[in-house]
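K.L.:
In our numbering, the protein residues as written are 7 to 169.
1) Spell out a yes or no on whether the stretch 148 to 156 and the stretch 67 to 87 are touching, meaning 3 or more CB-CB pairs, one atom from each, closer than 8 Å.
2) Starting from residue 162, trace the alpha helix (DSSP H) both ways and give me its first and last residue.
3) Have a look at residue 117 and residue 129 and give me their C-alpha separation to the nearest angstrom.
4) Roughly how many whole angstroms lie between the Cα atoms of residue 97 and residue 112?
5) In three-state DSSP terms, what is residue 96?
6) List, from N- to C-terminal side, the alpha helix (DSSP H) runs of 4 residues or more that fit wholly inside the stretch 43 to 123.
7) Using 8 Å as the Cβ pair cut-off and three pairs as the minimum, do the stretch 34 to 42 and the stretch 136 to 143 touch?
8) Taking just the CA atoms, how far does residue 136 sit from residue 89?
9) Quick one: is residue 12 buried, meaning 16 or more other Cβ sit within 10 Å of its Cβ, or exposed?
10) For the putative contact between residue 54 and residue 63, defined by C-beta atoms under 8 Å, what is the C-beta separation to the nearest angstrom?
11) I need the straight-line Cα distance from residue 91 to residue 123, nearest angstrom please.
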């Protein structure tokens, strides 16, 4: 309710603290565990964030965008190594991704020289952990409680300035 809609004194309400996105802030304030919705938690790497953990994850590196591009190989190979190399080759040609040890990698280059094969990959997403634990760190509630306690003093000082 904004001030233009107030008709009586009973409609006035004072609030302190954060009211938007409170569920997110609650885990920061009280601590707790964050779990993945379908199995393990998707944790983006610094590369997925454009080189800095302060940046948001690039949309092209969201798990929902990557999942259809993950190359799944054939089981007709005699060795796991051969199947892995074949998946890397396809991923390099199609600008896709491969999954290794509960992580997703982008294949950035693939070279074959005779019988020697080499490829480079960049770690994009970590799917290793079922969840993360955030330790309790109360800072928002004590600050808003302090502001609520000081409200009358602040009001009185501002009123004294007017007289």
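Virtual Cβ for every residue (Gly too), placed ideally from N, Cα, C.
P.N.:
According to the structure shown:
1) no
2) 146 to 168
3) 19 Å
4) 8 Å
5) helix
6) 69 to 72 and 86 to 100
7) yes
8) 27 Å
9) exposed
10) 5 Å
11) 8 Å
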